[in-house]
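When we follow the working numbering, the leftmost residue of the sequence shown carries the number 342, and every step to the right adds one.
Heads up, the thing below is written out as C-alpha cells.
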Amino acid sequence: MSPSDQVDRGRQRILWAHRRMPVVQAIARRWEVDRPLQGVAIGACLHVTTETAVLALALQAGGARVALCASNPLSTQDEVAAALRDEYGIATFARRGDSGQQYYDNIRSVLATLPDLIMDDGADVIGLLHSQKSAGLSRILAATEETTTGVNRLRAMQDQGKLAFPVIAVNDAHTKHLFDNRYGTGQSTMDAIVRATNVLVAGTTVVVAGYGWCGRGVAARARGMGARVCVVEVDPIRALEAAMDGFQVMDMAGAAPHGDIFITVTGNTGVIRREHFPAMKDSAILCNSGHFNVEIDLVELKELAVSVRPVREHVEEYRLPSGKSLFVLAQGRLVNLAAAEGHPAEVMDMSFANQALVVEWLARERPQLAPAVVRVPESIDRAVARLKLEAMGIPLEPLTEKQRAYMRSWQEGTTA
Ligand code: ADE
Numbered sequence: 342m343s344p345s346d347q348v349d350r351g352r353q354r355i356l357w358a359h360r361r362m363p364v365v366q367a368i369a370r371r372w373e374v375d376r377p378l379q380g381v382a383i384g385a386c387l388h389v390t391t392e393t394a395v396l397a398l399a400l401q402a403g404g405a406r407v408a409l410c411a412s413n414p415l416s417t418q419d420e421v422a423a424a425l426r427d428e429y430g431i432a433t434f435a436r437r438g439d440s441g442q443q444y445y446d447n448i449r450s451v452l453a454t455l456p457d458l459i460m461d462d463g464a465d466v467i468g469l470l471h472s473q474k475s476a477g478l479s480r481i482l483a484a485t486e487e488t489t490t491g492v493n494r495l496r497a498m499q500d501q502g503k504l505a506f507p508v509i510a511v512n513d514a515h516t517k518h519l520f521d522n523r524y525g526t527g528q529s530t531m532d533a534i535v536r537a538t539n540v541l542v543a544g545t546t547v548v549v550a551g552y553g554w555c556g557r558g559v560a561a562r563a564r565g566m567g568a569r570v571c572v573v574e575v576d577p578i579r580a581l582e583a584a585m586d587g588f589q590v591m592d593m594a595g596a597a598p599h600g601d602i603f604i605t606v607t608g609n610t611g612v613i614r615r616e617h618f619p620a621m622k623d624s625a626i627l628c629n630s631g632h633f634n635v636e637i638d639l640v641e642l643k644e645l646a647v648s649v650r651p652v653r654e655h656v657e658e659y660r661l662p663s664g665k666s667l668f669v670l671a672q673g674r675l676v677n678l679a680a681a682e683g684h685p686a687e688v689m690d691m692s693f694a695n696q697a698l699v700v701e702w703l704a705r706e707r708p709q710l711a712p713a714v715v716r717v718p719e720s721i722d723r724a725v726a727r728l729k730l731e732a733m734g735i736p737l738e739p740l741t742e743k744q745r746a747y748m749r750s751w752q753e754g755t756t757a
C-alpha cells in the first residue's frame, strides 16, 4: 500500500469509529468552542487504534497539543498512526511489531515533548518517569490511568510512597470498567480467537482464568457462543460468584486436561505455567487478554517444546516431546488488540469520554490533589452515563416528588 493510500485508509477507519462515539463527539463539539485545553500538552500512551484517534482528535479540538505512543508493541493500527501523523498533525510514535527497545524509545519521544498531563494505559510511562527520575517528572501536573493492571501498579507505587503526582483511576469509574472491561473485552477477545483460528467455539471447553470484570465478560460471551466454560480464580468471593453464575470452577491443574481454549485475564503472572502444559490436550489453544504478556509462561513453554513455528497469522505451534501441539495466539500478548481490533467504538466511547472529561477537569479546575491514586469524580461518571443514554435514545424514569421525599425520610417503615 502506498503511504497516501495508508493515510486514506486510516482516515476512513477513524471516521467509522467516530460515527460510533457520540459522547466523545459531543464533548469535542463543545470543546471546539470553549477550548478548555488551550496551552495544555498531553502525552498519551494508549493503544493506537481508531478509537484512540477519535479521542486524540477531540483533545486537539479542545486546544491540547497531543503526543501519542502505543501501550503495547502489537496493538498499533499502522494506517491509523499514519493518518494521525500525516493528516491530522498529531505526533505519533508507534509501529506495529516494534521491538521492546523501540517501544520504550517511543515513550521517551512522547516525554521529550514535555507533557503537562499523562494519559497512561498499563502505567509504563508513569513507571518509566519514576524509575529513571526523568527530568520531565517535576512538570507533570497529573495523569490518568486506563487499566486495572495500571491502577494496581500505581497503588503499589503509592503504598511504597513512590508516586510523585496524582493519577486519576479512569479504570475504576463505573462507566469504564462495567462496560469496557466486561462487554469490550468479552466481545473483542472472542472475536480475536475466531479471527486468528476460525475454530467453532460451540461445543468446546473454554477455560477462563480470572473472574474480574474482563473475565466475566469473556466467560459470558464464550458461554453465549455455546462453549462449556470453566473459571479458574484465586479469590474466594469471585470464585463463588462464578460458581453461582453457573460456571464450573476449578484450579488450573484440574482444568488443564479439559480445556480446548484457555484464556487468561487475571492481570497476574505465571497463570499457566510449566506444570500445566504437559497435561493439556493435543491442539489446545492458549491466549491472553490481560494487559501484559506474562500470564502464560512462554519462557517455560519454549523450554519444554521441541519446536516452535508459526502456522497461521497470530498462531504459533509449540510441539511438546509427547508429540502433542499447543497453539499460542499473538505471542501471549493482548489477543483482542493483536489479532482483532480491540474493544468496539461504542464501548470505548464511554471509556474515552471519562478520559476527556477528567482531563478537562484537571486543566480547568486545577484541583489540589495529593500524589495518590484518585477516583474519577462521581459527577463525571454520572455525566458519561447520562450522555451515553441520551445518545442511545434511552429515557430515565424521573422520580416523583413523593418518591424524593420518601428516599430522604426515615420515619416511614412497615405500613400497619
Ligand atoms: N483497549 C481495548 N480496546 C481498545 C481500543 N479499541 N482502543 C484503545 N484502547 C483499547
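Beta carbons: idealized from backbone N, C-alpha and C, even for Gly.
Here the structure is a predicted model, which means the values were calculated and not measured.
Looking only at its chain, what residues have a beta carbon closer than 7 Å to the beta carbon of M591, apart from the 5 residues adjacent to it on each side? In the sequence shown, residue 591 corresponds to position 250, counting from 1. Within its own chain, the residues whose Cβ lies closer than 7 Å to the Cβ of M591, once the five positions on either side in sequence are excluded, are C571, V573, listed in chain order.
Taking 7 Å as the line, does the beta carbon of S630 fall inside it for any heavy atom of ligand 1? Residue mapping note: residue 630 aligns to position 289 of the sequence shown, counting from 1. For ligand 1, not one heavy atom lies less than 7 Å from the Cβ of S630.
For K665, which residues of its own chain have a beta-carbon under 6 Å away from its beta-carbon, when the five flanking residues on both sides are left out? Residue mapping note: residue 665 aligns to position 324 of the sequence shown, counting from 1. Within the same chain, and ignoring the five residues on either side of K665 in sequence, the residues whose Cβ sits closer than 6 Å to its Cβ are D623.
Beta-carbon spacing of L728, A694 below 8 Å: Looking up residue 728 in the sequence shown gives position 387. Looking up residue 694 in the sequence shown gives position 353. Cβ distance < 8 Å, so L728 and A694 count as in contact.
Going by the CB atoms, is the gap between E373 and A402 shorter than 8 Å? Start at 1 with the first residue of the sequence shown, and residue 402 comes out as number 61. Start at 1 with the first residue of the sequence shown, and residue 373 comes out as number 32. Cβ distance < 8 Å, so A402 and E373 count as in contact.
Helix, strand or coil for D461 per DSSP? The count along the sequence shown starts at 1 and reaches residue 461 at position 120. When DSSP states are grouped into helix, strand and coil, D461 belongs to the strand group.
Quick check on the DSSP output: the alpha helix (DSSP H) that includes P651 runs from which residue to which? Position 310 of the sequence shown, counting from 1, holds the residue named residue 651. Careful: P651 lies outside any alpha helix (DSSP H), inside the beta strand (DSSP E) at 648-653.
Is E420 a contact residue of ligand 1, with contact defined as CB to any heavy atom under 7 Å? Position 79 of the sequence shown holds residue 420. Distances taken from the Cβ of E420 to the heavy atoms of ligand 1 include none shorter than 7 Å.
Let me make sure I understand the geometry here. Which of P619, L581, M585, G608 has the alpha-carbon closest to that of A596? Walking along the sequence shown from the start, residue 596 turns up at place 255. For A596, the nearest C-alpha among the options comes from P619.
Among E644, D513, V389, V535, which has the Cα closest to the Cα of M691? Taking the sequence shown and counting its residues from 1, the one referred to as residue 691 is at position 350. Out of E644, D513, V389, V535, D513 has the C-alpha closest to the C-alpha of M691.
Closest Cα partner of L698 within the set R361, H632, A367, R496: Counting from 1 along the sequence shown, the entry for residue 698 is found at position 357. Check the Cα spacing between L698 and each of R361, H632, A367, R496: the tightest is with A367.
Tell me, please, whether the stretch 479-491 touches the stretch 626-638 by the rule of three or more beta-carbon pairs shorter than 8 Å. The stretch 479-491 makes contact with the stretch 626-638: 3 or more CB pairs, one atom from each, lie closer than 8 Å.
Checking the sheet assignment: what are the DSSP bridge partners for V548? To locate residue 548, count along the sequence shown from 1; it is residue 207. According to DSSP, V548 bridges with C571, F603.
I want to know whether the stretch 675-686 touches the stretch 527-542 - three or more CB-CB distances under 8 Å. Cβ pair count under 8 Å is three or more, so yes.
According to DSSP, what are the bridge partners of N629? Sequence index remark: in the sequence shown, residue 629 carries index 288 (1-based). Its beta-bridge partners are T605, L675.
Between which two residues does the beta strand (DSSP E) containing V640 stretch? Reading the sequence shown from its first residue, position 299 is the one you call residue 640. V640: not part of any beta strand (DSSP E); member of the alpha helix (DSSP H) spanning 639-645, first to last residue.
Indicate the three-state DSSP secondary structure (helix, strand or coil) for I383 in the structure shown. Taking the sequence shown and counting its residues from 1, the one referred to as residue 383 is at position 42. Collapsing the DSSP output to three states places I383 in a strand.
Three or more C-beta pairs closer than 8 Å, one from the stretch 380-390 and one from the stretch 403-420: is that the case here? With a cut-off of 8 Å, the stretch 403-420 and the stretch 380-390 count as touching, because enough Cβ pairs lie within range.
Does R562 get closer than 8 Å to chain D when you measure Cβ to Cβ? Reference to chain D is not applicable here, since this structure consists of a single protein chain.
Below 8 Å, how does it come out for the stretch 700-709 and the stretch 649-665: are there three or more Cβ pairs, yes or no? Fewer than three pairs of CB atoms, one per stretch, sit closer than 8 Å, so the stretch 700-709 makes no contact with the stretch 649-665.
Quick check on W751: buried or exposed, where buried means 16 or more other Cβ atoms within 10 Å of its Cβ? On the sequence shown, residue 751 is found 410 positions in, with the first residue counted as 1. With fewer than 16 other CB atoms across the displayed protein chains lying within 10 angstroms of its CB, W751 is exposed.
Across the stretch 542-554 and the stretch 597-610, are there enough close Cβ pairs to call them in contact, namely three or more that are closer than 8 Å? Flag = yes, the stretch 542-554 and the stretch 597-610 touch.
Could you tell me the alpha carbon to alpha carbon distance between V395 and A405, rounded to whole angstroms? Residue numbering aside, residue 395 sits at position 54 when the sequence shown is read from its first letter. Residue numbering aside, residue 405 sits at position 64 when the sequence shown is read from its first letter. Computed Cα separation, rounded: 14 Å.
At a cut of 8 Å, does the stretch 501-517 reach the stretch 709-728 through at least three beta carbon pairs? The stretch 501-517 and the stretch 709-728 touch, with no fewer than 3 CB-CB distances between them shorter than 8 Å.
The beta strand (DSSP E) that contains E658, what's its start and end? Working through the sequence shown from its first residue, we reach residue 658 at position 317. Looking at the DSSP string, the run of the beta strand (DSSP E) that includes E658 is 656-660.
Restricting to runs no shorter than 4 residues, where is the alpha helix (DSSP H) found entirely within the stretch 478-530? Considered as a whole, the stretch 478-530 harbours 489-500 as its complete alpha helix (DSSP H) runs of no fewer than 4 residues, in chain order.
State yes or no: is the C-beta of I459 within less than 8 Å of the C-beta of I467? Start at 1 with the first residue of the sequence shown, and residue 459 comes out as number 118. Start at 1 with the first residue of the sequence shown, and residue 467 comes out as number 126. Taking a C-beta distance under 8 Å as the contact criterion, I459 and I467 qualify as a contact pair.
Using only the heavy atoms of ligand 1, determine whether one of them is closer than 7 Å to the beta carbon of M531. If you number the sequence shown from 1, residue 531 lands on position 190. Checking every heavy atom of ligand 1 against the Cβ of M531, none is found closer than 7 Å.
Among residues of its own chain, excluding the 5 on either side of T391, which ones have a beta-carbon nearer than 6 Å to its beta-carbon? Mapped onto the sequence shown, residue 391 falls at position 50. For T391, where only same-chain residues beyond five positions count, the Cβ hits under 6 Å are R354, I355, A358, V421.
For I613: DSSP bridge partner residues: In the sequence shown, the residue the question calls residue 613 occupies position 272. Here I613 is bridged, per DSSP, to I637.
Nearest residue (CA-CA) to N609, options I626, F588, G587, D576: Mapped onto the sequence shown, residue 609 falls at position 268. The shortest CA-to-CA distance from N609 to any of I626, F588, G587, D576 is the one to D576.
For ligand 1, I want to know if M691 counts as a neighbour, meaning its beta carbon is within less than 7 Å of at least one of the ligand's heavy atoms. As a working mapping, residue 691 is identified with position 350 in the sequence shown. No - ligand 1 has no heavy atom lying nearer than 7 Å to the Cβ of M691.
C-alpha distance - Q709 paired with S479, whole-angstrom precision: In the sequence shown, residue 709 corresponds to position 368, counting from 1. In the sequence shown, residue 479 corresponds to position 138, counting from 1. Whole-angstrom Cα-Cα distance: 16 Å.
CA-CA distance, Y445 and T454? Residue 445 sits at position 104 when you count from the first residue of the sequence shown. Residue 454 sits at position 113 when you count from the first residue of the sequence shown. Y445 and T454: Cα-Cα distance of roughly 15 Å.
Three-pair Cβ contact test at 8 Å for the stretch 534-542 versus the stretch 559-571: Output reads yes: the stretch 559-571 touches the stretch 534-542.
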